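Numbering (this note's numbering), first residue to last: 591 to 840.
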């Protein structure tokens, strides 16, 4: 079963990603292009408005969904270009780094599921090894440098997984995140829907919909300091506003 990795970065932001194993048949995952083009549209509109304010010139934004998808592939594209003459190059990296240039950077087994562990800097890896009691891996000739860890990634991930599987997801998250490493649990969709942080932020909240009853709906990730998000209003019934709109038109 495909799982959802709520990956915690250094600033605490979480990104939901799904990826296929490199040896499995490619499948459609999330509609990232649909979601990615929207912020591009918003940025282009604001830029055009600001440009008009400064110069008087009116710009017409031209946002391509395909263009919006390309930046998310930057690590993968770099690896593909570097290996463009290698006929055996495999572009799909599973849950590993798109450029295969960071380790640890993967989904690792836990006693009750899986966790995502990422070392963007060497400091993150040093903290991970220390917390898990595997400081011997720091001097292992296969893993002593980032380049060596990437060259021996299968062995490295297997060795690290032997330690992570001894602990539960929340224990690993707390142990690592509280001590300078980067770790987050892999969550099921049911767990995402019940996530306290998302509910506290108002990104998810339950409503009593007049048609569908009690459901959980999404808010907007856009936030402004000192301003509460606009209250959520259930969708209107088909034709409910016809009289009001037609009357306003005369």
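Beta carbons are placed, not taken as given, at the ideal position from N, Cα and C, and that holds for glycine. Only a predicted model underlies this, so the values are computations on that prediction, with no experimental measurement involved.
Other residues of its chain near residue i: CB distance less than 7 Å, five sequence neighbours each side excluded
| i | result |
| --- | --- |
| residue 591 | Summary for residue 591: the model assigns pLDDT 33, below 50, so the residue's position carries little reliability; its value from the coordinates is reported in the next sentence. Correct list: empty, nothing qualifies. |
| residue 840 | none |
| residue 668 | 689 |
| residue 818 | none |
| residue 715 | 694 and 709 |
| residue 658 | 623, 626, 627 and 630 |
| residue 602 | Because the pLDDT of residue 602 is 34, which lies under 50, any placement of that residue in the model is unreliable, and the number read from its coordinates should be weighed accordingly. Here the set comprises nothing. |
| residue 831 | none |
| residue 638 | 649 and 651 |
| residue 762 | 700, 705, 754 and 773 |
| residue 687 | 665 and 695 |
Reference residue i, options the options, closest by Cα
| i | options | result |
| --- | --- | --- |
| residue 821 | 711, 802 and 793 | 793 |
| residue 737 | 806, 690, 808 and 721 | 690 |
| residue 705 | 826, 780, 776 and 813 | 776 |
| residue 781 | 801, 798 and 806 | 806 |
| residue 631 | 651, 643 and 644 | 651 |
| residue 740 | 831, 762, 763 and 712 | 712 |
| residue 825 | 812, 798, 662 and 644 | 798 |
| residue 791 | 730, 804 and 814 | 814 |
Contacts around residue i, its chain only, beta-carbon distance under 6 Å, and the 5 residues preceding and following it disregarded
| i | result |
| --- | --- |
| residue 743 | 693 |
| residue 707 | 694, 698 and 773 |
| residue 747 | 696 |
8 Å contact criterion, which residue i and residue j should meet: CB distance rounded
| i | j | result |
| --- | --- | --- |
| residue 703 | residue 759 | 5 Å |
| residue 642 | residue 648 | 6 Å |
| residue 666 | residue 681 | 6 Å |
| residue 634 | residue 653 | 6 Å |
Contact under 9 Å by Cβ, residue i with residue j
| i | j | result |
| --- | --- | --- |
| residue 735 | residue 771 | no |
| residue 626 | residue 655 | yes |
| residue 765 | residue 750 | no |
| residue 774 | residue 800 | no |
| residue 695 | residue 709 | yes |
| residue 745 | residue 724 | no |
Neighbourhood of residue i by C-beta, 8 Å cutoff - its chain only, sequence neighbours within 5 removed
| i | result |
| --- | --- |
| residue 769 | 717, 720 and 721 |
| residue 795 | 789, 806, 807, 809 and 822 |
| residue 836 | none |
Residue i: CB within 8 Å of a non-hydrogen atom of the ligand HEM
| i | result |
| --- | --- |
| residue 668 | Summarising the ligand content, the structure contains no ligands, and the ligand HEM is consequently not present. |
> Should the stretch 750-763 be called in touch with the stretch 686-699, which here means at least 3 C-beta pairs below 8 Å?
Replying inline: yes
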